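The numbers in the numbering used here rise by one with no breaks, and the one at position 331 of the sequence shown is 411. Ideal Cβ positions, reconstructed from N, Cα and C, are used throughout, including at glycine. All figures in this text were calculated on a predicted structure; none of them were measured in a lab. First comes the structure, then the notes that go with it.
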Amino acid sequence: MNPQERMEELYRQIDMHNDRYYNQDDPLISDYEYDQLSLELRRLESEYPMFARMDSPTKKVGGTAKRELKKIKHDVPVISLQDVFSKEEIYAFVEKMQEELAEPEFVVERKIDGLSIVLRYYDGVLKEAITRGDGEIGEGVYENALEIRTVPKTIPAKLPYLEVRGEVYMSTESFEKANKKQLESGGKVYQNRRNSAAGTMRQLDSAIVRERELDIFVFNLEICQGREFESHAETLAFMAEQGFSVSPGYEICRTADEVWQAICRIEEVRWSLPYGLDGAVVKVNSLAQRNSLGMTSKVPRWATAYKYPPEQKETVVEDIIVQVGRTGRITPLAVLHPVRLAETTVARATLHNQDYIDEKDVRIGDTVVVQKAGDIIPEVLSVVKEKRPEGTVAYHLPKHCPICGAPVEREADGAHLHCTGEECYAKDSRSIAYFVSKDAMNMEGFGPSAVEALISEGYIKNIADIYHLKEHREQLIEEGIIGKEKSVDNVLHAIEASKGNDIDRLITGLGIKNVGKQSAKTLALHFSSIEEIANADAEALMELPDFGQIVAESVMEFFQREKTQALLSQLAESGVNMKSLAAQTRRDDRFAGKTFVLTGTLPSMKRDEAQAIIEAFGGKCSGSVSKKTSYVLAGDEAGSKLTKAQSLGVEIIDEAQFKEMIR
Numbered sequence: 081m082n083p084q085e086r087m088e089e090l091y092r093q094i095d096m097h098n099d100r101y102y103n104q105d106d107p108l109i110s111d112y113e114y115d116q117l118s119l120e121l122r123r124l125e126s127e128y129p130m131f132a133r134m135d136s137p138t139k140k141v142g143g144t145a146k147r148e149l150k151k152i153k154h155d156v157p158v159i160s161l162q163d164v165f166s167k168e169e170i171y172a173f174v175e176k177m178q179e180e181l182a183e184p185e186f187v188v189e190r191k192i193d194g195l196s197i198v199l200r201y202y203d204g205v206l207k208e209a210i211t212r213g214d215g216e217i218g219e220g221v222y223e224n225a226l227e228i229r230t231v232p233k234t235i236p237a238k239l240p241y242l243e244v245r246g247e248v249y250m251s252t253e254s255f256e257k258a259n260k261k262q263l264e265s266g267g268k269v270y271q272n273r274r275n276s277a278a279g280t281m282r283q284l285d286s287a288i289v290r291e292r293e294l295d296i297f298v299f300n301l302e303i304c305q306g307r308e309f310e311s312h313a314e315t316l317a318f319m320a321e322q323g324f325s326v327s328p329g330y331e332i333c334r335t336a337d338e339v340w341q342a343i344c345r346i347e348e349v350r351w352s353l354p355y356g357l358d359g360a361v362v363k364v365n366s367l368a369q370r371n372s373l374g375m376t377s378k379v380p381r382w383a384t385a386y387k388y389p390p391e392q393k394e395t396v397v398e399d400i401i402v403q404v405g406r407t408g409r410i411t412p413l414a415v416l417h418p419v420r421l422a423e424t425t426v427a428r429a430t431l432h433n434q435d436y437i438d439e440k441d442v443r444i445g446d447t448v449v450v451q452k453a454g455d456i457i458p459e460v461l462s463v464v465k466e467k468r469p470e471g472t473v474a475y476h477l478p479k480h481c482p483i484c485g486a487p488v489e490r491e492a493d494g495a496h497l498h499c500t501g502e503e504c505y506a507k508d509s510r511s512i513a514y515f516v517s518k519d520a521m522n523m524e525g526f527g528p529s530a531v532e533a534l535i536s537e538g539y540i541k542n543i544a545d546i547y548h549l550k551e552h553r554e555q556l557i558e559e560g561i562i563g564k565e566k567s568v569d570n571v572l573h574a575i576e577a578s579k580g581n582d583i584d585r586l587i588t589g590l591g592i593k594n595v596g597k598q599s600a601k602t603l604a605l606h607f608s609s610i611e612e613i614a615n616a617d618a619e620a621l622m623e624l625p626d627f628g629q630i631v632a633e634s635v636m637e638f639f640q641r642e643k644t645q646a647l648l649s650q651l652a653e654s655g656v657n658m659k660s661l662a663a664q665t666r667r668d669d670r671f672a673g674k675t676f677v678l679t680g681t682l683p684s685m686k687r688d689e690a691q692a693i694i695e696a697f698g699g700k701c702s703g704s705v706s707k708k709t710s711y712v713l714a715g716d717e718a719g720s721k722l723t724k725a726q727s728l729g730v731e732i733i734d735e736a737q738f739k740e741m742i743r
């Protein structure tokens, strides 16, 4: 997978995981796995800024405010912290603070794994409670906060206005009680305390909050009218006096050694605590020093969060099975004896490919060490060979596809096997599911389960059949394959609406090898139609920005297939748009070969508007500044990107200069 493809895949994964974590309270992966995905994306964005998205999830806080709850604007942005993962990074942070500040002190706190909320007190009385939301606007959960036993409803200090930030969590005892009740009622057993707490806080029935016995630790004083403080530790002591449960067991440190020892002490007790931890936080203690340091566009410079390495456990490989992806890739999975890791049950782990299996010598029956690390499915770290039972044999992937029986072949330049079958059900179902997905044709409500049901019932065999489903409306409603009348009509409406998409979505959905969303946009911007792309030669394709020989050959090979030509003809007959809207709006090539980075708030236009103008003039936008950046278009509160541009000597322009350039 080339860097651009991998970045597109990471964008898709992280957007999906953000939604599951922040908005649905039902994450599919651990925090550590999410952190590894984010770190990989940040590294790729730094190395390949030309592929970076303007709305990259690395630049966002997290979720969105839920529609059912009242939206409230935060007085102080609810920001995240910069994550680090090694002792060296902690020492580097402390040493940097010591270089910039006079004898700084540090507070090391436990990082509670829960839902962040802000509490507002007016004249000593709790009047508002707000979730983080997207960092700027949160959800009003005042009624639910009243049911949290450790949230003071009034405080002794009758200050005009006090705002504190804390983490709502579910204790081990409360979690076990809730699960016991779920079992007794036949309900779904909760897998994770953090998810349970977050989901509970977003209930519209506050009685559920009272029943589940949530708690809170307050860790920051955001606003305090009528009192002045010199240090963070002072604010923690004050909040404790007011009846708040503050960050437990925090330590004040002065050296990097002391900070690291405090972090290690937290790790030693981590799994014995009655609440979940996902790390340790290191903060500069002096509030004046914090103000002098300020923050970047996303994180404060005066604090960092250390994430503990993932928990590792032994378990047994009970079987090895293979899955077939939408491109035909054969992926082996270890079926494990279920084991609890970081509060979730692990029963499968990816084995990637035959080379990976051979390298680690993984066999059915082996005892293995597993952890929930960088991939969505947990991974096998090593085999405990001294526990290997007699009679085990080396495992080899099948020579034929387990779904359709067609031969498999190894990639010419890689380690993966692919199914060669033209009519493979697994490839078809996954390809169609990708075609209708948000990343491609964006048919809302048309998920993978609906795709599989329609394939199994014979309604669709390929992408073109999707646009004939309206002919079977009554039958679909009667059979209830994808739901009742409303569900069917929603899907049919989404299918009809997709016909008007620009061709970059169609190109993405077709699943051309080595062509991701960004490459699809490039094709749509430089060619007037699908037909023109299909007729383009290698020379024309290789002239496109960031198109090399491999991508050009992939595009040509795909459009030369008879099967592709027949499919496109069927789609066109169904009314699917084949003309490039982006190419029609393109003005000229004055920005051809130029890369812009947008930062800060522009006076009269939004960033996406500026980006559209840049692309219409043949330029491209990146999410990070490098030596290859042509211009940085800077608005108010430009932050670290502006600083980096200045250090690299990149030309910086404001909105007025930009408007002059496009006049």
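Contact holds between the segment 248-258 and the segment 294-310, because three or more Cβ pairs, one in each stretch, are under 8 Å apart. Excluding five sequence positions before and after A652, the CB atoms of its chain that fall closer than 7 Å to its own CB belong to M658, given in chain order. Assignment of beta-bridge partners to V364 by DSSP yields F186. In this structure, S704 places its C-beta atom within 9 Å of the C-beta atom of K721. C-alpha of E633 to C-alpha of K541: approximately 27 Å in a straight line.
When secondary structure is reduced to three states using DSSP, V568 falls in the helix class. The residues V463, K465, A474, in chain order, have a CB closer than 8 Å to that of D441 in the same chain once the five nearest residues on each side in sequence are set aside.
Our two residues, F638 and L647, have alpha carbons roughly 12 Å apart in a direct line.
Looking at the DSSP output, T675 bridges to K700. Between V571 and M523, the C-beta spacing is below 9 Å. If you look at T411, you'll find it in the beta strand (DSSP E) that goes 409-421.
Exposure of I742 is indicated by the presence of fewer than 16 other C-beta atoms within 10 angstroms of its C-beta.
For the set L124, E391, H498, the Cα lying nearest the Cα of L421 is the one of E391. The beta carbon of D203 sits closer than 7 Å to those of K238, P240, all from its chain and outside the five residues before and after it, given in chain order.
DSSP places A209 within a strand segment (E or B) once states are collapsed to three. Within the model, the alpha-carbon separation for L497 versus C504 is close to 15 Å.
The beta carbon of L161 lies closer than 8 Å to those of V361, V379, P380, A383, T384, A385 in the same chain, with the five residues before and after it left out. Between the segment 575-585 and the segment 597-615 there are three or more inter-stretch CB-CB distances shorter than 8 Å, so the stretches are counted as touching. Bounds of any beta strand (DSSP E) do not take in I742; it lies within the alpha helix (DSSP H) bounded by 735-742. Here L301 is bridged, per DSSP, to V244.
Bounds of the alpha helix (DSSP H) holding L728 are 720-728. Per DSSP, the continuous alpha helix (DSSP H) segment holding L590 begins and ends at 583-590.
If you ignore the 5 residues before and after R123, its C-beta comes within less than 6 Å of no other C-beta in its own chain. I152 places its beta carbon less than 9 Å from that of E208. Take G680, set aside five residues on each side of it, and the residues of its chain with a beta-carbon closer than 6 Å to its own are A714, G715, D716, E717, A718, in chain order.
Setting aside the 5 residues that flank it on each side, P83 is surrounded in the same chain by L124, E127, Y128, F131, each with a C-beta closer than 8 Å to its C-beta; the list follows chain order. Cβ-Cβ distances below 6 Å link P418 to T425, A427 in the same chain, with the five nearest sequence neighbours on each side left out; the list follows chain order. Between the segment 337-353 and the segment 398-411 there are fewer than three inter-stretch CB-CB distances shorter than 8 Å, so the stretches are not counted as touching. Beta-bridge partners assigned by DSSP to M87: none are found. In this structure, DSSP gives G279 a helical state, which the three-state scheme calls helix.
The beta carbon of Y330 sits closer than 6 Å to those of V187, E189, all from its chain and outside the five residues before and after it, given in chain order. Annotation: D438 is outside any beta strand (DSSP E); the continuous alpha helix (DSSP H) that includes it extends over 434-440. Its chain contains E88, T588 as the residues whose beta carbon lies nearer than 6 Å to that of K597, once the 5 sequence neighbours on both sides are disregarded; these appear in chain order. Under the three-pair Cβ rule at 8 Å, the segment 722-730 does not count as touching the segment 694-701. For R200, the enclosing beta strand (DSSP E) has its first and last residue at 195-202.
Look at D716 here: in three-state DSSP terms it is strand.
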